[in-house]
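Q: Here it is: the structure, laid out below.
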Amino acid sequence: MQSRRLHRLSRFRRNKRRLRDRLRQRIFFGEDKETPETMEKPRVVVLTGAGISAESGIKTFRAADGLWEEHRVEDVATPEGFARDPALVQAFYNDRRRQPAKP
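In this text, residue positions in the sequence shown follow the UniProt record's numbering: the first is 1, and each later residue adds one.
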C-alpha cells in the first residue's frame, strides 16, 4: 500500500513538473518556441506583491494599518460576503482602486 502511494505521488510530481515546464515555455517563448530575439510581439511579465504595493503607497492587507484592520475577510473577500452585502464588497474594492499609487 505504501509503495503504491509513493508511486502515485511520484507520478503526480513528475506530471506537475512537466506541466510547469510546458507553461513556462509558453509564457516566455510562445507556442512556437520562439526565442526572445525572434518574437514579433513583445511579451509582458508583471511581478507584483505586497512589497511592491507598500513601496507605491498602496495599503497592504496585513500591515498594522492594513485593509483587514477595517474589514473582516469573510465580509468582503468571499462569495458569501458578496451575497450578504454586495454594496459593502463593491465599496471595499472601489476604495482600493481609488488609492493613489506613487510611481
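Cβ atoms here follow ideal geometry from the backbone N, Cα and C, with glycine treated the same way. Everything numeric in this text was worked out from a predicted model, so none of it was measured.
#1: Is it buried or exposed, LEU67, if we count other Cβ atoms within 10 angstroms and call 16 or more buried?
#2: Apply the 10 Å Cβ neighbour rule to VAL76 and answer buried if 16 or more other Cβ atoms are within range, or exposed otherwise.
#3: Tell me where the alpha helix (DSSP H) around ALA83 begins and ends.
#4: Quick one: give me the first and last residue of the alpha helix (DSSP H) that residue 104 is part of.
#5: What's the call for VAL89, buried or exposed, on a 16-neighbour Cβ count within 10 Å?
A: The relevant details are as follows:
#1: Here the question's residue 67 lines up with position 67 in the sequence shown. Counting Cβ neighbours within 10 Å, LEU67 comes out buried, since at least 16 surround it.
#2: Indexing the sequence shown from 1 puts residue 76 at position 76. VAL76 is buried by the Cβ-count criterion.
#3: On the sequence shown, position 83 is the one that residue 83 refers to. Run containing ALA83: 79–84, per the alpha helix (DSSP H) assignment.
#4: It is not possible to answer for residue 104, since the shown part of the chain is limited to 1 through 103.
#5: Residue numbering aside, residue 89 sits at position 89 when the sequence shown is read from its first letter. So VAL89 counts as buried.
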